[in-house]
Amino acid sequence: MGQSHSKGNSSPGDSLQSYPSFSRSDTKESLRSLRGSIRSKIRSSDSPRASTSALSQTESQTDRSDAGSIKSAASRRSSTNLSTQSPTAEDPGANPDAPEPPPSPSLSSSLKRGHQDVSAMQQSGEVDLVSDAPPTGVAPVGPSSQAVGESILIKKDNQLNPILDYIMNTPLEAASSPGMGMGALKSIDLDDMISRLLDAGYSTKVTKTVCLKNAEITAICTAARELFLSQPALLELSAPVKIVGDVHGQYTDLIRLFEMCGFPPASNYLFLGDYVDRGKQSLETILLLLCYKLKYPENFFLLRGNHECANVTRVYGFYDECKRRCNIKIWKTFVDTFNCLPIAAIVAGKIFCVHGGLSPSLSHMDDIRGIARPTDVPDYGLLNDLLWSDPADMEEDWEPNERGVSYCFGKKVIMDFLQRHDFDLVCRAHMVVEDGYEFYQDRILVTVFSAPNYCGEFDNWGAIMSVSGELLCSFELLKPLDSTALKNHIKKGRNKRNSMLSSPVLVITCQAIAVRPYVTTKDLDLSLPWLVSVQHPVHSIVRPIINWWG
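If you read the sequence shown in the UniProt record's numbering, its first letter stands for residue 1, the second for the next number, and so on.
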């Protein structure tokens, strides 16, 4: 997919249809985008087409980021050229003639400036928590009996959701792939699967096979498809919620994230996509997220990223991981699930959340609600733009994107969009940024990237944007750790988890907390795994954070 540019139906889009098909080299000398200062370092051989043609010469090299040929100015690590393994001709998923996507995510120009002063950001209230200390949270060690908080999914009568007719009118035998649905999955112990996945993460070892059986994976994916299709393509959520950017198979960093922000259901979550590819444990990453989605369907939400697509996962690692650790049929099952993911979300009526960015084809929110699922990502148009476009410092409203697909959009486009829909902020992911988050001009747009030390080469932080019930917004940061430091961190979390399990004081203390109608900050300071025993919702902890709209 994706060598053609997007074509919008609105007047701005029509004016762009005169552009010919373009590749990354066509815009190589442009300085208008956020990444103009580093684009000259991108070689033509970094494109998927070029890397595919050179596979026979590079089979011994390891997979890496599609941005990997760019050396981060902040990183001291050396860069090595790595390629992807081409699907074999006999593989059902292989299609050598299919167009392939350009590299993504791109890199922000902030990577040349170095990190900001985290201490100063904490003092100002913009940054809340930083994960540069041993883990404070404790992963659930058994079936979680904590009551799930109030649903944050806003439901409206007569809400446009074209897939409901599809579900009602499609015979069961016409399903895209066999497997157990939501009803059958109830007989499977989700808590047990979550526990096994967490155990795999805390072991710090990447095993040859996944800790779940293929039948369990198929059941999870089938149930997740039904759940995704039962909810709208444009989610409307209330606060509080934590918004997470790209994860890219960095499974131990995902566990660090939950240690810092709270394992579900202690916090509500909205993920912005790009769960797989590049990282070593994409399977564990997407499986844990799907399990949490099934267990907490109205408090845990997953949007689609540009990497939740068949053509992209063929190139950047997930296809190969499925083939190596499971089989190609499992990869197809995941692709069917990706095709059902929601596209965008509105938080508290004020924050528009999407993986990539805006589109000249987007005139009304019903345009997103009307996207029929399941669907692959087309070569151009609204869905393509929402997953692929980028903001840029430029005078024009729209220009061809250096990625070779979709557009870059300027400040005026964002301002007009916010005013037209009465939003205050666009929150998106899709781009590596030095500090894990980066604002675009006057804080009208923010990029959130949640994979620290991306691909083991970029010295970037990971960030999570926390939105309180009062629309107080702050960031929680994951410090970049190398492989040794990361293993040590996870080992401390594992030891802490195991020691809690064997503590006789734990049971008595948790029982005492459970009978109270509230949880105090002192309870939390004890670092007890009270998530296992507390029977009531957890009250939010007030922290010094900044209000962008107050």
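Using N, Cα and C, we set each Cβ at its ideal position, and we do this for glycine too. Computed from a predicted model, the values in this text were never measured in an experiment.
- Per DSSP, reduced to three states, the secondary structure at residue 380 is coil, with no helix or strand assignment.
- Spatial neighbours of residue 289 in its own chain (CB-CB distance under 7 angstroms, excluding positions within 5 residues in sequence) are listed in chain order as 271, 275 and 302.
- Within the segment 280-360, the alpha helix (DSSP H) runs of at least 4 residues that lie entirely inside it are, in chain order, 282-295, 310-316, 318-325 and 328-338.
- When the beta-carbon positions are compared, residue 426 and residue 445 come within less than 8 angstroms of each other.
- Restricted to the segment 383-453, the alpha helix (DSSP H) segments that are unbroken, complete and at least 4 residues in length are 411-421, listed in chain order.
- Counting along the chain, the unbroken alpha helix (DSSP H) around residue 201 starts and ends at 190-202.
- Between the alpha carbons of residue 417 and residue 331 lies a gap of roughly 37 angstroms.
- Here residue 486 has 252 as same chain residues with Cβ atoms under 6 angstroms from its own Cβ, once five neighbours each way along the sequence are excluded.
- For residue 481, the secondary structure class from DSSP, reduced to helix, strand or coil, is coil.
- Excluding sequence positions up to five before and after residue 236, its CB lies within less than 6 angstroms of the CB of 154 and 346, all in the same chain and listed in chain order.
- Restricting attention to 440, 411 and 216, the CA atom closest to the CA of residue 194 is found in 216.
- Taken through DSSP and simplified to helix, strand or coil, residue 372 comes out as coil.
- Counting along the chain, residue 257 sits inside the alpha helix (DSSP H) bounded by residues 251-261.
- Nearest to residue 372 by alpha-carbon distance, out of 396, 322, 342 and 280, is 342.
- In the DSSP assignment, residue 220 falls outside any beta strand (DSSP E) and within the unbroken alpha helix (DSSP H) covering 214-230.
- A direct Cα-Cα distance of roughly 29 angstroms separates residue 493 from residue 221.
- Fewer than three pairs of CB atoms, one per stretch, sit closer than 8 angstroms, so the segment 227-236 makes no contact with the segment 442-461.
- Taking every protein chain shown into account, the CB of residue 469 has fewer than 16 other CB atoms within 10 angstroms, so this residue is exposed.
- Counted as a single uninterrupted DSSP element, the beta strand (DSSP E) harbouring residue 236 occupies residues 234-237.
- By the 16-neighbour rule on beta-carbons within 10 angstroms, residue 355 is buried.
- Here residue 455 carries a helix assignment [DSSP, helix/strand/coil].
- Annotated three-state conformation of residue 367 is helix, per DSSP.
- Contact between residue 475 and residue 259 is absent: CB atoms are separated by about 16 angstroms, not below the 8 angstroms threshold.
- Around residue 286, the same chain offers 275 and 276 as residues with beta carbons nearer than 6 angstroms, after the five sequence neighbours per side are excluded.
- In the three-state reduction of the DSSP assignment, residue 270 falls in the strand class, which pools E and B.
- Taking each of 436, 335, 462 and 255 in turn and checking the Cα distance to residue 312, the smallest one comes out for 335.
- Among the bridge pairs identified by DSSP, residue 466 is matched with 242 and 474.
- In this structure, the beta-carbon distance from residue 351 to residue 423 falls below 8 angstroms.
- Per the C-alpha coordinates, the member of 150, 440 and 200 positioned closest to residue 490 is 200.
- Burial check for residue 366: the Cβ neighbour count within 10 Å stays below 16, so the residue is exposed.
- Between residue 317 and residue 278, the CB-CB gap stays under 8 angstroms.
- Note on geometry: alpha-carbon atoms of residue 326 and residue 206 lie some 14 angstroms from one another.
- Relative to residue 319, the option among 396, 202 and 281 whose CA is nearest is 281.
- For residue 153, the three-state secondary structure derived from DSSP is strand.
- Cβ atoms of residue 357 and residue 390 come within 8 angstroms of each other, at about 6 angstroms.
- Nearest neighbour of residue 413 by Cα position, chosen from 394, 404 and 488, turns out to be 394.
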